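For the sequence shown, the positions run 1 to 384 when UniProt numbering is used. Quick notes on the structure that follows.
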Amino acid sequence: MPDGRACLPRSTYPVAVRWHHDKGGHYGTHALVDTIARFWYAPGIQPYCLSIVKACSTCQRNGPAPPLNKIKGGRPPPAAPFQHLQIDFADMPKAFGKKHLLVLVCPLTSWVEAFPTANCTASTVAKILLRDIVPRFGPPLVLDSDRGPHFTGHVLGRPPQGLGISHSFHTPYHPQSSPPVERMNRELKFTLAKYCQETGLKWPQVLPLVLFHLRTRPTRVLGLSPFELLYGHPPFKGRALPRADVSLLGGDHMTACHPPSLQARLRTLWKASQFSQTPPLEEQIHPFQPGDFVWAKNPPRGDTLQLRFTGPHRVLLTTQTAVFLEGRKSWIHHSHVNPPVVDHSDGPAALATTEDTAPPQWTCLPLSDIRLKLTRQNPPDLLF
């Protein structure tokens, strides 16, 4: 070439690209193209660079997470208040021996309960449920929480089982699975900070005022406060109560008419709150299927130089939003896994995904009237 560069034969593109990538510090696609262009005239080499970078196991283990799917699902909406409860702990500055805040939120009404605690253990959660929640609102049908040790301990498992409460756990490292309680944690901290700064008091002292503020504040979707959704009327803030219409013949008309009208209004409000919640997904929003191989995100442990992804792991089970991998103890959200890659040593090729991977072959052998032997043959197109 006039600029002194040699012309790189197209047949040597895969070897040259792999050598520059592996020996040059695992450059990305654009940096790899620019590096080769300094020494060689190689038109059309960009697809080769892209495929080699995507197939590099080191880059896959330490690369960024895949883009999030904007489609979000929800949980089945409850039919009445306090049938479902989401619980979580929030860390707070130490005051009066309390340094944690146990937050409970009703997803239907957004009613919040918060209790200062000295520790975050399973026994503390069980005591608060049995002492403050069940006597006031009754036992909930479902408890939603993360997989922290304060919620998975055997001490907490006994009271829900005895009361018929189902305990549902979220996928690890995915706070979007419980938006009501996560959002309420943020609102509690912001509002507590404002009240403490204006009054000069500690956060346990202003917590009752903050809870009253959050319970009587209208929500953005319905324009109604949690107080209205729970009791059927706005809270009385310093106003005189309406005078009752008392008759000697008919009795107290207000008392007689209030329960039926209140029940009808509450049913209407609860139905409106149900429609405002995100419904569960009916279809799978990720491409992974049982038998696929994926890279799984490695949870941060304090070491900033650790691998970002581990694997490849085989997918055993899938739901609408999560996958269960071989060798893992819990479900993983689909945003925490990367699709499989193939070896591009023979040239550029499209990255293999579950959509263009051959389906697995299964054989069934009856062993008895109630026993079957299932044998699976892996597809031959995935090479690691």
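Beta carbons are placed, not taken as given, at the ideal position from N, Cα and C, and that holds for glycine. In this text the structure is predicted, and so the values were computed from the model without any measurement.
Contact fails between the segment 305 to 321 and the segment 126 to 146, because fewer than three Cβ pairs, one in each stretch, are under 8 Å apart. The Cβ atoms of Ala114 and Leu211 lie closer than 8 Å to each other. Nearest to Phe151 by alpha-carbon distance, out of Val125, Val134, Ile133 and Arg136, is Val125.
When the alpha-carbon of Pro226 is set against those of Pro93, Arg18 and Ala80, the nearest one is in Ala80.
If the five residues before and after Ile45 are omitted, its C-beta is found closer than 7 Å to the C-beta atoms of Tyr13, Val17, Val33 and Ile36, all from its own chain and listed in chain order.
Apart from the 5 residues on each side of it in sequence, Met184 sits with its Cβ closer than 7 Å to the Cβ of Val103, Val105 and Val112 in its chain, given in chain order.
Rounded to the nearest whole angstrom, the C-alpha separation of Pro116 and Lys99 is 7 Å. Comparing C-alpha distances from Gln284 to each of Arg220, His213, Leu317 and Lys297 shows the shortest one belongs to Leu317. In this structure, DSSP gives Thr268 a helical state, which the three-state scheme calls helix. Taken atom to atom, the span from the alpha-carbon of Thr216 to that of Pro234 is near 8 Å.
Among the bridge pairs identified by DSSP, Leu325 is matched with Val315. Only residues of its own chain outside the window of five on either side were considered, and among them Leu365 and Leu367 have a CB closer than 6 Å to the CB of Lys373, listed in chain order.
Per DSSP, the continuous alpha helix (DSSP H) segment holding Glu198 begins and ends at Pro179 to Thr199.
Residue environment for His84: buried (at least 16 other C-beta atoms within 10 angstroms of its C-beta). Of all alpha-carbon atoms in His213, Phe236, Asp292 and Ile128, the one lying nearest the alpha-carbon of Gln361 is that of Asp292. Assignment of Thr363 by DSSP, reduced to helix, strand and coil, places it in the strand class. Within the same chain, and ignoring the five residues on either side of Gly97 in sequence, the residues whose Cβ sits closer than 8 Å to its Cβ are Ala118.
By the neighbour-count criterion, in which 16 or more other beta carbons inside 10 Å mark a residue as buried, Val15 falls on the exposed side. Bounds of any alpha helix (DSSP H) do not take in Asp88; it lies within the beta strand (DSSP E) bounded by His84 to Ala95. Comparing alpha-carbon positions, the option among Pro135, Lys23, Pro107 and Leu192 lying closest to Ala90 turns out to be Leu192. For Leu229, the closest C-alpha among the options Ser110, Lys94 and Arg136 is that of Ser110.
One thing to note: Ile87 has its Cβ within 8 Å of the Cβ of Val181. Inclusion of Phe190 and Pro140 in the CB contact set at 8 Å is not warranted, their separation being larger than that value. Residue nearest to Gly164 within the set Pro179, Val134, Pro149 and Gly148 is Val134 (criterion: CA-CA distance). From the listed residues Thr219, Gly232 and Leu201, the smallest Cα separation to Glu187 is found for Thr219. The residue from Leu101, Thr363, Arg5 and Ala42 with its alpha-carbon nearest to that of Pro204 is Leu101.
Assigned with DSSP and collapsed to three states, Lys54 falls in helix. Under the DSSP assignment, Arg376 falls in the beta strand (DSSP E) whose first and last residues are Leu372 to Gln377.
Short of 6 Å from the beta carbon of Gly311, and not among the five residues preceding or following it, lie these beta carbons of its own chain, in chain order: Trp295 and Ala296. Using a Cβ distance threshold of 8 Å, Tyr41 and Ala6 count as a contacting pair. Asp144 is bridged by DSSP to Gln86 and Ser168.
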